[in-house]
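Residue numbers (this note's numbering), protein chains in the order written: chain A, 125 to 505; chain B, 17 to 186.
Heads up, the beta-carbon is just placed ideally off N, CA and C, and yes, glycines get one too.
As the structure is a computational prediction, the values presented were derived from the model and not from experiment.
Structure record follows, encoded as structure tokens.
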């Protein structure tokens, strides 16, 4: 499907594409939240043999909107012993990284007719940054501040416990997640999200999960486990374990501030599913060339929806981990496995790359951006 | 004045303000948060200079991991405002004043040298992953040894912490 490079006043479609992507991606992620809540409740009900929401609107579809209106209209309770500035800043601090992470999500590759029969592939992404995946890692590591500060500023021991648990958990699982992501970067040979997705074009066998068998697969599994822990979802939802901590870090939050935490959970769920899709499951690429007639963004959305389904399924199936079991899983199982996968992938990659005869170092291809200076040859001083 | 330098001065003001808060604020959590602010400002500086990799690493390592641990410890010990017990040594204040003014003098001197017309950095430093990889692992350059030495130093620190933590009080 080739899109003409429409001329809109002084601008062309290509120039406006990042802004279109920004509005579309942010809009979709924010507007999806009510439907995600509905979907999660219905799916949980199905798995647990209940009816689930079915009163408001057709099949209960408007239930989440009703809940949203309720939260808007609720009294905003301000506990008396809080650290007010940090208390009010915490939900915002949690929302900013979740939404800022959308900036490097590669949704689709548009084929645009630049005029004169020249057709170029332009990625539908807000910022085609060179270090996209590192930017994502940085933002996910910043997201913990929202939870920690919410727990501390509430001046409530349950909230504080939730915040402490969250910081310990996020740091522990971030290590495994980073190692798994680095394995993916090694497999793809780029830190640019768009390049990572482009390197997986072809069939299912070209996706990162199937490359370097079984290392890609192992790294994918580690990433998927760590990503559930990073988003504080069941079975890793210890920061808000309701059987022990009332509601954990958001115990003292009411009205819209609570709703922001709630929205944040779903937004980061979508974003991190998008990252998993791009990094391991081929992003916008179709599973087989015969299916290439389906546009790329449809594949991307299908894969993200599948991940959300996995999230809900896991939540309904697995009980919450005990705290020591959580730490043992993170540090004693996932981290060594992820490290081993990383080292083995690197070794494999180095062995199959031909070595330079003079220096004995592997020959590294020059980056293919034409506007970048060519890398210096080894031994050039 | 270019847009770039306007952004620089705004960020610089923010960064200095946060840095002052780190030492001036009596609440340890707030001063740790101000330090996070300084780290984020530094990271944006790196990004603005084209050193995207260094900027991202600054964000991941310092703001995302080390400062979270700081906050974790402060919150775990539930430190309130510090009691005035720091000034036990009467000498520390004048020495600190002298040392910091010497540092300020050095920095101002270096800044004046850099700011002098004709001494401006001509091209942004390359900061891509490839460039850093070549700089580090090129056998013709000496940086790898220093880099490995630093990591040994960190390892010594980790081992030392484990030894200290394992020491029984009996």
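Interface residues of chain A facing residue i [CB-CB closer than 9 Å]
| i | result |
| --- | --- |
| residue 200 of chain B | Residue numbering for chain B in the displayed model covers 17 to 186; residue 200 of chain B lies beyond these limits and cannot be assessed. |
| residue 75 of chain B | 258, 259, 261, 262, 263, 265 and 266 |
| residue 207 of chain B | Any answer about residue 207 of chain B is impossible in this case: the structure gives chain B only from 17 up to 186. |
| residue 45 of chain B | 207, 210, 273, 276 and 277 |
Closest by C-alpha distance to residue i, when choosing among the options
| i | options | result |
| --- | --- | --- |
| residue 271 of chain A | A:330, A:290 and A:129 | A:290 |
| residue 70 of chain B | B:176, B:160 and B:146 | B:146 |
| residue 76 of chain B | A:264, A:451 and A:232 | A:264 |
| residue 224 of chain A | A:282, A:363, A:237 and A:395 | A:395 |
| residue 38 of chain B | B:53, B:152 and B:119 | B:53 |
| residue 344 of chain A | A:193, A:251, A:202 and A:431 | A:431 |
| residue 64 of chain B | B:42, B:26 and B:49 | B:26 |
| residue 335 of chain A | A:310, A:171 and A:373 | A:310 |
| residue 188 of chain B | A:328, A:346, A:269 and A:215 | With chain B covering 17 to 186 only, the question about residue 188 of chain B has no answer from this structure. |
| residue 346 of chain A | A:241, A:377, A:197 and A:306 | A:306 |
| residue 372 of chain A | A:308, A:326, A:281 and A:292 | A:281 |
| residue 206 of chain A | A:277, A:326, A:190 and A:218 | A:277 |
| residue 463 of chain A | A:342, A:328 and A:443 | A:342 |
| residue 446 of chain A | A:131, A:362, A:236 and A:436 | A:362 |
| residue 436 of chain A | A:180, A:475, A:452 and A:355 | A:355 |
| residue 313 of chain A | A:255, A:243, A:434 and A:171 | A:255 |
| residue 59 of chain B | B:40, B:41 and B:30 | B:30 |
| residue 326 of chain A | A:411, A:375 and A:308 | A:411 |
| residue 24 of chain B | B:57, B:178, B:42 and B:43 | B:57 |
| residue 163 of chain B | B:174, B:173 and B:151 | B:151 |
Distance CB(residue i)-CB(residue j) smaller than 9 Å
| i | j | result |
| --- | --- | --- |
| residue 79 of chain B | residue 275 of chain A | no |
| residue 226 of chain A | residue 140 of chain A | no |
| residue 391 of chain A | residue 153 of chain A | yes |
| residue 165 of chain A | residue 177 of chain A | yes |
| residue 587 of chain A | residue 458 of chain A | In this structure chain A extends from 125 to 505, so residue 587 of chain A is not present and cannot be described. |
| residue 389 of chain A | residue 357 of chain A | yes |
| residue 369 of chain A | residue 283 of chain A | yes |
| residue 50 of chain B | residue 28 of chain B | no |
| residue 339 of chain A | residue 469 of chain A | yes |
| residue 454 of chain A | residue 232 of chain A | no |
| residue 399 of chain A | residue 257 of chain A | yes |
| residue 138 of chain A | residue 246 of chain A | yes |
| residue 68 of chain B | residue 253 of chain A | yes |
| residue 222 of chain A | residue 293 of chain A | no |
| residue 48 of chain B | residue 87 of chain B | yes |
| residue 157 of chain B | residue 210 of chain A | no |
| residue 381 of chain A | residue 200 of chain A | yes |
| residue 379 of chain A | residue 217 of chain A | no |
| residue 401 of chain A | residue 386 of chain A | no |
| residue 408 of chain A | residue 230 of chain A | yes |
Chain-ordered chain A contacts of residue i [CB-CB under 8 Å]
| i | result |
| --- | --- |
| residue 160 of chain B | Near residue 160 of chain B there are no residues of chain A at all, since even the closest Cβ is about 12 Å away, more than 8 Å. |
Opposing strand residues paired with residue i [DSSP bridges]
| i | result |
| --- | --- |
| residue 245 of chain A | A:235 |
| residue 135 of chain A | A:132 |
| residue 127 of chain A | A:236 |
Contact belief for residue i with residue j at Cβ below 8 Å, rounded distance in angstroms
| i | j | result |
| --- | --- | --- |
| residue 466 of chain A | residue 303 of chain A | 5 Å |
| residue 406 of chain A | residue 472 of chain A | The pair is not a contact, with the Cβ atoms about 21 Å apart (cut-off 8 Å). |
| residue 145 of chain A | residue 249 of chain A | 6 Å |
| residue 450 of chain A | residue 360 of chain A | 7 Å |
| residue 158 of chain A | residue 192 of chain A | 6 Å |
| residue 428 of chain A | residue 397 of chain A | 5 Å |
| residue 134 of chain A | residue 251 of chain A | Incorrect: roughly 22 Å between the Cβ atoms, too far for contact. |
| residue 364 of chain A | residue 286 of chain A | 6 Å |
| residue 175 of chain A | residue 169 of chain A | 6 Å |
| residue 237 of chain A | residue 413 of chain A | About 22 Å; that fails the 8 Å criterion. |
Proximal chain A residues relative to residue i, where beta-carbon distance stays under 7 Å
| i | result |
| --- | --- |
| residue 144 of chain B | 254 |
| residue 80 of chain B | 262, 265 and 266 |
| residue 48 of chain B | Residues of chain A passing the Cβ test: none, with the nearest at roughly 10 Å. |
Residue i: contacting residues in chain B (beta-carbon distance under 9 Å)
| i | result |
| --- | --- |
| residue 403 of chain A | The premise fails here: residue 403 of chain A is roughly 16 Å from chain B at the closest Cβ pair, so nothing lies under 9 Å. |
| residue 272 of chain A | 84, 87, 88 and 91 |
| residue 236 of chain A | In chain order: nothing, as chain B lies at least about 26 Å away. |
| residue 425 of chain A | By Cβ distance, chain B contributes nothing, its closest Cβ being about 28 Å from residue 425 of chain A, past 9 Å. |
| residue 153 of chain A | Within 9 Å Cβ-Cβ: nothing; residue 153 of chain A doesn't reach chain B, min ~22 Å. |
Where residue i meets chain B, residues with beta-carbon distance less than 8 Å
| i | result |
| --- | --- |
| residue 287 of chain A | 91 |
| residue 292 of chain A | 88 |
| residue 455 of chain A | The premise fails here: residue 455 of chain A is roughly 14 Å from chain B at the closest Cβ pair, so nothing lies under 8 Å. |
Chain B contact residues for residue i, given Cβ-Cβ distances below 7 Å
| i | result |
| --- | --- |
| residue 259 of chain A | 72 |
| residue 342 of chain A | Neighbours of residue 342 of chain A on chain B: none; closest Cβ ~23 Å, over 7 Å. |
| residue 284 of chain A | 91 |
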